[in-house]
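Those letters in the sequence shown? Residues 1 to 68, per UniProt numbering, in order.
What follows is one structure encoded as structure tokens, with my remarks underneath.
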Amino acid sequence: MNENKSKNIPQVILAPLTGKAVPLSEVPDSVFSEKVLGDGVAIIPADGKIVSPVDGEISTVAETRYLL
């Protein structure tokens, strides 16, 4: 069991980009707009930059260039 969960300690999640959050219904891909993968939000980037909170490598970029 997750020790933090049992103690009800808030978790901090840093944003990997700045921008405007919009409902998934506004995403021009039915997989997202129809919530096939679950609920959430989309973010329209403000400055074209996305940073990673971990050390890693992007191995795939969708042809539409909006999904990593």
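For every residue, glycine included, the Cβ atom is placed at its ideal position computed from N, Cα and C.
For the alpha helix (DSSP H) that residue i lies in, which residues bound it at each end?
i	result
residue 31	30-33
Since residue i is in the beta strand (DSSP E), which residue starts that stretch and which ends it?
i	result
residue 42	41-45
residue 22	19-23
Do residue i and residue j have their C-beta atoms within less than 8 angstroms of each other?
i	j	result
residue 21	residue 43	yes
residue 16	residue 59	no
Under the assumption that residue i contacts residue j (Cβ atoms under 8 angstroms), give the Cβ distance between them as a whole number of angstroms.
i	j	result
residue 19	residue 46	4 angstroms
residue 24	residue 40	6 angstroms
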